[in-house]
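Its first residue numbered 24, the sequence shown is counted upward by one per residue in the working numbering. Just so it is clear, CB atoms sit at the ideal spot from N, CA and C, and this is done for glycine as well. Report on the structure given below.
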Amino acid sequence: MLNQLPAILTTPPRRRLGHQALILNRDGALLLIGTAYKSGLMLPGGSAEANELPHLAARRHTETETGLVLPLRRILATDYVDARTLPEGVNFVYWGGRLTSAQETTVARHRPPATITGVHWLHPAQLPDAMPPDQHRRTTQALEALTRGTHLPFLLRGIPAE
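Below, the structure written as structure tokens:
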């Protein structure tokens, strides 16, 4: 006979799961997007849908917003966000890589949806003036992890994601 599951497993708390990609060009500038629904620039990405694998949510949003299809399998940072302005959430920043010239051309030619107001390349020194403080802090931590060569592999039931 099975034991009854605890309430935390049958009615877990509501949390957003955000997935963003940190992408650099050949000159070390970061790829950022502007949106119609938030002020300031941010890394490409968004929330996962029900039953969507997290790294595939990051890839879907990155492709929609920038035209790039990238293997996002390494996590540079995780960031817990309390429920002050939005539902409580956890954001993951994946390493998207350093782009080739062909990939940069893809970004330049891509036509994102109307909710994306612009795609920008900014160097790290420009970020404090362009990004909301929470986005800037998250991005800075991800860049520091990249510089140190540290990351977490993204696993699916203990197996590295493909």
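Secondary structure at residue i, three-state DSSP: helix, strand or coil?
{"i": "D152", "result": "helix"}
{"i": "R82", "result": "helix"}
{"i": "V104", "result": "strand"}
{"i": "L166", "result": "helix"}
{"i": "V116", "result": "strand"}
{"i": "P136", "result": "coil"}
{"i": "L178", "result": "strand"}
Would you please state the rounded distance, in angstroms, between the beta carbons of residue i and residue j? I believe it to be under 8 Å.
{"i": "G63", "j": "A153", "result": "6 Å"}
Exposed or buried, what is residue i when buried is set at 16 or more other beta-carbons lying within 10 Å of its beta-carbon?
{"i": "Q162", "result": "The amino acid at residue 162 is misidentified as Gln; the sequence shows Thr. T162 is buried by the Cβ-count criterion."}
{"i": "E72", "result": "exposed"}
{"i": "N114", "result": "buried"}
{"i": "Q158", "result": "buried"}
{"i": "I98", "result": "buried"}
{"i": "R49", "result": "exposed"}
Could you name the residues that DSSP lists as bridge partners for residue i?
{"i": "H143", "result": "L55"}
Consider the Cβ of residue i: report whether some Cβ of chain D lies at a distance smaller than 7 Å.
{"i": "A52", "result": "Absence of chain D from the displayed structure is noted, only one protein chain being present."}
Problem - Inter-stretch contact at 8 Å, needing at least 3 Cβ pairs: the region 157-174 / the region 79-88 - result: The region 157-174 is not in contact with the region 79-88.
Problem - Validate contact between the region 171-181 and the region 123-143 using beta carbons, cut 8 Å, 3 pairs - result: Under the Cβ criterion (8 Å, minimum of three pairs), the region 171-181 does not count as touching the region 123-143.
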